[in-house]
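Those protein sequence lines, which keep their order, are chains G and D. Counting from 603, one number per residue, gives the positions in the first sequence under the working numbering. Counting from 382, one number per residue, gives the positions in the second sequence under the working numbering. C-beta atoms are modelled at their ideal positions from N, C-alpha and C, and glycine is treated no differently. Below is one structure; the comments refer to it alone.
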Amino acid sequence: MADETPKPSELLSKIDYHTPSTHWMDVPVNIRKGMYCYASNPKSVEYLGLPNARAWNPIEEDWKLPENWQQILHEGFKERLEKFRSIKVFMDICVRCGACADKCHFFIGTGDPKNMPVLRAELLRSVYRNDFTLMGKLLGRFAGARPMSLAVLKEWWYYLFQCTECRRCSLYCPYGIDTAEITMFGRELLNLLGLNIDWIATPVANCYRTGNHLGIQPHAFKDMLEFFVDDIEEITGVRVEPNFNKKGADILFITPSGDVFADPGTYTCMGYLMLFHFLKEKYGLDVTWSTYASEGGNFGSFTSHETMKRLNAKMYLEAKRLGVKWILGGECGHMWLVINQYMDTMNGPADFLEVPVNPITGTRFDNAASTKMVHLSEFTADLIKHGKLDLKPERNDNKILTFHDSCNPSRGMGMFDEPRYVIKNVANHFYDMPANTIREHTFCCGSGSGLNAGENMEERMAGGLPRANAVKYVHEKYGVNMLACVCAIDRAALPASMAYWVPGMQVTGVTELVANALVLPGEQERTTDLRGEPLPGMEEADE
Amino acid sequence: MNKFYLSSLLAVFVLALIAWVGGPSAPWLFGIVLPYLAVILFVYGVARRVMGWSRSAVPFAIPTTGGQQRSMPWIKQNKIDNPSTHLGVFIRMALEILTFRSLFRNTRMKMTHEGRFSYNLEIFLWLGAIAFHYAFLTTLVRHMRFFLEPVPLCIQAIEAVDSFFRFEISYDAIQFGLPGVYISGIVLLAAVVYLFLRRLFIAKVRYISLAQDYFPLFLIMGIAFTGILMRYFTKVDIAAIKELTMSLVTFKALSFKVPQGIGPLFYVHLAFVSTLLIYFPFSKLMHMGGVFLSPTRNLAANTREVRHVNPWNYPVKVHTYEAYENEFRDKMVEAGLPVDKMPEESAEEEKE
Ligand code: SF4
Ligand code: SF4
């Protein structure tokens, strides 16, 4: 964690919910260290063929914009008003009732009024009124209109990258105004001028080239998984054998590359490997990984709809090439937003695949009849329901769990009960956080939508505060010591925010818990969990 | 910020003054031309706006899912907040429009001194909004008798409406000889005053409020206030007013003859209403139509089950597997990964 990041108590005392006396249009933007991400690397922007690749620095006066940037924005805006009814309607109908105002974790964590979803949207709406409405043209500021200027642009950039596109605000809005949709649109406009952040641009370029965000090349990807194979063997005595790019496999499995790369996602990844090995041994199910489509996540979706589509295309292309029956998706948040709400529309129809059927239980996943892609938690829940997994939940007895509903599978999909069902079947101690902070009301980890960088730690910790606060509540009340989730960004982001706000809290993927409990055919007596920590009752044996 | 509501208040006062003075001296203008103009602009404006929205594409199905999805049969779906069928969407929309369901979820965030947060139900905005909208609707329906009563076809409807309102006339004992009190009028005024005070005193809401948020509130306040004045305090000549309103609907008013004896207060009332109608299509009041078209609410959350078609979907540049293998083929082969073309084949191809 960067040294300049304020201590938790300092950050808390900094939060001031009093609104300034100056009108928000007159409060100039202050791009503050710790609260923004570095600008995109021109090489990444260029690799993708996106506009205005150049080196620039957000805190410098000159952003090296194209000569006619205002015209580009205006035309981009206009074009999208016709392409997206959502934007057009959302620009027109907000009544500024304020219902969304205190729903945003960035507002709660910073007190900055421009982090109220309604004002975030007004930043764009004010320009919309000026450029596209009669009232705005006639009455100017009295109609809430203001012309575009460099200062306004900077404000857009700063606050559109202080929104994690979590959609919490949209749940409470009487008209369903979705500030996440507005942010996606706003960022798309910014990208027309080459104003991206590097934490998004470079993963996108990597993903385009190597198939995953981290730029792991095929052989290295295989090596990394084989490294886990060794670890698994050490713990269980069983050597699992993953398939790579295997033609004719039953199912293609795609998960975010973060799981391959960083703790604690790696343990979840080991979990995937063990689960598939179990299914192979017991039921002959053939699952393959792909090095080409080795990324479930889609940072393109934080860039533009087009970039989203370009990255997402690999999933179907690979499924077709390998001739699998359907696709299984791992634990990831925004990946599932893309799969659930965009993939089929963008890159479908996937008529070369079959309606997903779990060959082990016979369950037909009619809810995925068209995309042909099933979530691992749905799949696992189905297996457990039919008693197809051999489980020893007591192996997780030293873990007192709660579950973080990731924003995207929650408000962009509605997957709440499947992961909870899985957790409750593979572990014995589970406590939900308070009702207004989970399920559809869930709070973002604070680092989603590509903001999971190192240089913006203050922003991330502020945004992570409401989530951490609810975790702290169950931590103190029930002694919860482990936070489960189904999202790779969570697994990367929550450990930092937990260390900061709720020291001692660990973060785990759901499949890691499954694998801890899962009895592999022919395994030795396990003494540790996947992390190498002694199993309950094995503390002695470990010494 | 004060200038925003002061300017709106001023605008409403000026409007009242103009109508007060102008009404009696140019009754044809304020009694006939203005209301006709208002209705025409209202209809035209609303139609234009709604058509403008409908012309824009709905490229993606992006419903906000507020409950458990449909997955396996043994998991209970929340069929209203995460509707996978048209019926579900219909119920969701109906609840949204008739009961302001999303607003009902509203919570208020509070931070205690130890940095703990609570999010408790906040019902007043919902209550204020419901009271306001229903009182407005009731008042509107009630006014239909000014336009419909002699039309034979509608007599039954009027009777129904009338009897409905008789039910609202209560507390006869304490009316001091006033005519039956319409609760809707009083509630409307109270709700609109509450919505205004809320804007004024809740700091966050004051901060986001624009002049165009205050203006319609003042206008509606003015409408309710003048209405109440006319009904209970300064007696106006109802017969004359009805003659005017009837001549407006039957287009007899096109002769530009306005009945005598209509007090200035009525012209103020009418001018407020006309202004509201004219203002409506250009303002946030269009949320009334927009809520029907909001893609986060009016689409089924069955996006994995039924393919949503994007009318402007276009092909994009993708990094194909072939290009990928071409770049990494040697490394893949070395690592024992299957490839589509062995290095020799591809080398030959390159030569060709
Ligand atoms: S809840 Fe909706 S209508 Fe109310 S201020 Fe927020 S975006 Fe606007
Ligand atoms: S989408 Fe989430 S981060 Fe963005 S404004 Fe809404 S609540 Fe805040």
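Discussion item. Less than 9 Å between the C-beta atoms of G/I799 and G/A1064, yes or no?
Written reply: Here residue 799 of chain G refers to the residue found at position 197 of the first sequence. Here residue 1064 of chain G refers to the residue found at position 462 of the first sequence. No, the pair does not count as a contact, with Cβ atoms beyond the cut-off.
Worksheet entry | Residues, ordered as in the chain, of the segment 937-967 of chain G that lie near chain D by beta-carbon distance below 8 Å | I941, N942, Q943, Y944, D946, T947, M948, G950, P951, T965 and F967
Worksheet entry | Own chain, CB closer than 6 Å to D/G426, minus 5 neighbours either side, in chain order | Locating residue 426 of chain D in the second sequence gives position 45, where the first residue counts as 1. Cβ neighbours of D/G426 beyond the five flanking positions: P662.
Discussion item. Given this structure, state the Cα-to-Cα distance separating D/D330 from G/P805, to the nearest angstrom.
Written reply: The structure shown does not extend to residue 330 of chain D, since chain D is modelled only from 382 to 733, so the question has no answer here.
Practice prompt. Compute the minimum distance between the beta carbon of G/K705 and the heavy atoms of ligand 2, and state whether it is under 8 Å.
Written response: Here residue 705 of chain G refers to the residue found at position 103 when the first sequence is read from its first residue. It does: the Cβ of G/K705 is within 8 Å (strictly closer) of some heavy atom of ligand 2.
Discussion item. Looking at the strands, I want to know which residues DSSP matches up with G/C1087.
Written reply: Indexing the first sequence from 1 puts residue 1087 of chain G at position 485. Paired residue(s): G/H1006 and G/G1111.
Worksheet item: Are the C-beta atoms of G/K609 and some chain D residue less than 9 Å apart?
Response: Along the first sequence, read from residue 1 onward, the residue named residue 609 of chain G stands at position 7. So, not an interface residue.
Discussion item. Quick check: D/I443 and D/P676, are their CB atoms within less than 9 Å of each other?
Written reply: Reading the second sequence from its first residue, position 62 is the one you call residue 443 of chain D. Reading the second sequence from its first residue, position 295 is the one you call residue 676 of chain D. Yes, Cβ-Cβ distance for D/I443 and D/P676 is below 9 Å.
Fill in: Three-state secondary structure (DSSP) of G/K824
Residue 824 of chain G sits at position 222 when you count from the first residue of the first sequence. Of the three classes helix, strand and coil, the one that applies to G/K824 here is helix, per DSSP.
Discussion item. Tell me whether G/T781, by its Cβ, gets closer than 8 Å to a heavy atom of ligand 1.
Written reply: Working through the first sequence from its first residue, we reach residue 781 of chain G at position 179. Indeed, a heavy atom of ligand 1 lies less than 8 Å from the Cβ.
Worksheet entry | Residues bridged to D/K491 [DSSP beta-bridge criterion] | Sequence index remark: in the second sequence, residue 491 of chain D carries index 110 (1-based). Paired residues: D/S499.
Discussion item. With a threshold of 8 Å (Cβ to nearest heavy atom), would G/E1157 be considered close to ligand 2?
Written reply: There is no way to answer for residue 1157 of chain G, as the model of chain G reaches only from 603 to 1145.
Worksheet item: Among the residues of its own chain, which have a CB less than 8 Å from the CB of G/V831, if the five just before and after it don't count?
Response: As a first step, residue 831 of chain G must be located in the first sequence, where it is residue number 229. Excluding positions up to five away in sequence, the list reads R841, V842, E843, P844 and L875.
Worksheet entry | When G/G1016, G/A1086 and G/P653 are compared against D/A682, the one with the closest alpha-carbon | On the second sequence, position 301 is the one that residue 682 of chain D refers to. Cα-wise, what sits closest to D/A682 is G/G1016.
Worksheet item: When the Cα of D/A407 is compared with those of D/W693, D/P645 and D/Y702, which residue comes out closest?
Response: One-based indexing of the second sequence puts residue 407 of chain D at position 26. Measuring from the Cα of D/A407, the nearest candidate turns out to be D/P645.
Discussion item. Let me check understanding here. Comparing Cα to Cα, which of D/A510, D/N501, D/V649 and D/G670 lies closest to D/F606?
Written reply: One-based indexing of the second sequence puts residue 606 of chain D at position 225. Looking from the CA of D/F606, the closest CA among D/A510, D/N501, D/V649 and D/G670 belongs to D/V649.
Worksheet item: Between the C-alpha atoms of D/M382 and D/L629, what's the straight-line distance to the nearest angstrom?
Response: Working through the second sequence from its first residue, we reach residue 382 of chain D at position 1. Working through the second sequence from its first residue, we reach residue 629 of chain D at position 248. In this predicted model, D/M382 has a pLDDT of only 49, less than 50, meaning its place in the structure is not dependable; the value taken from the coordinates is given anyway. Those two C-alpha atoms are separated by around 41 Å.
Discussion item. Does any residue of chain G have a CB that is nearer than 9 Å to the CB of D/M492?
Written reply: If you number the second sequence from 1, residue 492 of chain D lands on position 111. For D/M492, the answer is yes, since a Cβ of chain G falls inside 9 Å of its Cβ.
Worksheet item: Buried or exposed: where does G/M764 fall if 16 or more other Cβ atoms within 10 Å of its Cβ makes it buried?
Response: As a position in the first sequence, residue 764 of chain G is number 162, starting the count at 1. Reading off the sequence shown, one finds Gln at residue 764 of chain G, where the question assumed Met. Per the 10 Å Cβ criterion, buried.
Worksheet item: Any heavy atom of ligand 2 closer than 8 Å to the Cβ of G/C1046?
Response: Counting from one through the first sequence, the residue named residue 1046 of chain G turns up at place 444. Checking the Cβ of G/C1046 against ligand 2 gives yes.
Worksheet item: Would the beta-carbon of G/P644 be found less than 8 Å away from any heavy atom of ligand 2?
Response: Working through the first sequence from its first residue, we reach residue 644 of chain G at position 42. For G/P644, the shortest separation between its Cβ and any heavy atom of ligand 2 does not lie below 8 Å.
Worksheet item: Helix, strand or coil: how does DSSP classify G/W658 here?
Response: Sequence index remark: in the first sequence, residue 658 of chain G carries index 56 (1-based). In the structure shown, G/W658 sits in coil (DSSP, three-state: anything other than H, G, I, E or B).
Worksheet item: With C-beta atoms as the reference, is G/A1072 less than 9 Å away from G/Y1023?
Response: By 1-based counting over the first sequence, the position of residue 1072 of chain G is 470. By 1-based counting over the first sequence, the position of residue 1023 of chain G is 421. For the pair G/A1072 and G/Y1023, the CB atoms are not nearer than the 9 Å cut-off.
Worksheet item: Identify the residues that DSSP records as bridge partners of G/I856: which are they?
Response: As a first step, residue 856 of chain G is located in the first sequence; it is residue number 254 there, counting from the start. For G/I856, which the question treats as bridged, DSSP gives the partners G/G931.
Worksheet item: If we cut at 9 Å on Cβ distances, does D/Y705 have a partner in chain G?
Response: Numbered from 1 along the second sequence, position 324 holds the residue referred to as residue 705 of chain D. Answer yes: the Cβ-Cβ gap between D/Y705 and chain G drops below 9 Å somewhere.
Discussion item. Counting only C-beta atoms, is G/N1038 closer than 9 Å to chain D at any point?
Written reply: To locate residue 1038 of chain G, count along the first sequence from 1; it is residue 436. Cβ-Cβ to chain D under 9 Å: yes for G/N1038.
Worksheet item: Nearest chain D C-beta to G/T621 closer than 9 Å, yes or no?
Response: Start at 1 with the first residue of the first sequence, and residue 621 of chain G comes out as number 19. At a cut-off of 9 Å between beta-carbon atoms, G/T621 makes contact with chain D.
Worksheet item: For G/V571, which residues does DSSP report across the bridge?
Response: Since the first residue of chain G shown is 603 and the last is 1145, residue 571 of chain G is not available in this structure.
Fill in: Identity of the residues DSSP links to G/M693 by a beta bridge
Position 91 of the first sequence, counting from 1, holds the residue named residue 693 of chain G. Its beta-bridge partners do not exist; DSSP assigns none.
Discussion item. Let me check one thing: in DSSP terms, what residues is D/A621 bridge-paired to?
Written reply: Position 240 of the second sequence, counted from the start, is the residue given in the question as residue 621 of chain D. For D/A621, which the question treats as bridged, DSSP gives no partner whatsoever.
Practice prompt. Mark G/E632 as exposed unless 16 or more other C-beta atoms lie within 10 angstroms of its C-beta, in which case mark it buried.
Written response: Translated into positions along the first sequence, residue 632 of chain G becomes position 30. A small correction: the amino acid at residue 632 of chain G is Asn; Glu does not occupy that position in the sequence shown. Exposed.
Item to complete: Label D/E409 either buried or exposed according to how many other C-beta atoms from any shown protein chain fall within 10 Å of its C-beta, with 16 as the threshold for buried.
Response: In the second sequence, counting from the first residue as 1, residue 409 of chain D sits at position 28. At residue 409 of chain D the sequence reads Trp, which differs from the Glu that was named. With fewer than 16 other Cβ atoms within 10 Å, it is exposed.
Discussion item. Judging by CA-CA distance, which residue of G/R770, G/E1060 and G/P660 is the nearest neighbour of G/T1044?
Written reply: Numbered from 1 along the first sequence, position 442 holds the residue referred to as residue 1044 of chain G. Comparing Cα positions, the closest option is G/R770.
Worksheet entry | Heavy atom of ligand 1 within 8 Å of D/I478 beta-carbon | Counting from 1 along the second sequence, the entry for residue 478 of chain D is found at position 97. False, no ligand heavy atom lies under 8 Å from that Cβ.
Practice prompt. Just the C-alpha distance for G/E835 and G/G1139, rounded to the nearest angstrom, thanks.
Written response: Locating residue 835 of chain G in the first sequence gives position 233, counting from the first residue. Locating residue 1139 of chain G in the first sequence gives position 537, counting from the first residue. Cα to Cα, G/E835 sits roughly 21 Å from G/G1139.
Worksheet item: List, in order along the chain, the chain D residues whose C-beta lies closer than 7 Å to that of G/V720?
Response: Taking the first residue of the first sequence as position 1, residue 720 of chain G is located at position 118. By Cβ distance, chain D contributes I589.
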